[in-house]
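Each residue of the sequence shown is one higher than the last, beginning at 2 in my numbering. Backbone N, C-alpha and C define an ideal beta-carbon position, used for all residues, glycine too. Keep in mind the model is a prediction, meaning the values are calculated, not measured. Reviewing the structure listed below.
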Amino acid sequence: MTVVSITLPEELLSQFEKFMENRGYYSRSEAFRDAIRNLIAESEINKLGEEKSAATIMITSEYKRKDVENRISEIRHEFDDIIIENIHRHIKDQYCLEILIAEGDSKRLLDLMGRVRGIRGIQQVKAVFMPIMES
C-alpha cells in the first residue's frame, strides 16, 4: 500500500478518533480507507436522495475469525429496523460469507455500511443499492 501523509487540525483529529472508537476501527489507516470508500459510495447513493432503497450487502471474512461473526451479530441487532434478512454461509471451511438484505432510507443504509466496514477482520464488503419506487 502507498503511504499518504495528511495534516489535520487538532479538533478534527479528536472528533475522528472518537468516531473511530464508536465504530470500532482498529487503526487510523483503516478508518481513513473506509472514509474514502464511503465518500465514493455516498456520492453514488446520494443520487437517490431521501428515497427508500433496498440494499444487498455482502461481507467476507476468514472462518477462523469468530470475533467478526460476533460483531456482525451485534450490528444486525442494532439495525434490525432495516435489515430484513441475513444469510450466513461457509465457503470451503476457509471463509464466511454474510449477506444482509436491508430496506430503508439512504442515510440509515449508509450508517449500516459504515458500521460493517469498520469491523476489524472483514476482508471485503460489496453492496448493491436499488431505489424503491413508491406508488
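*Between the Cα of residue 12 and the Cα atoms of 20, 78, 63, which residue gives the shortest distance?*
20
*Under the three-state reduction of DSSP, which class applies to residue 14: helix, strand or coil?*
helix
_8 Å Cβ cutoff met for residue 102 and residue 79_ = no
_Just to confirm before moving on: does the CB-CB distance between residue 70 and residue 96 stay below 8 Å?_
no
*Straight-line Cα distance separating residue 10 from residue 92*: 44 Å
_Where residue 107 falls, given that 16 or more other Cβ within 10 Å makes a residue buried_ = buried
*Does DSSP classify residue 19 as helix, strand or coil?*
helix
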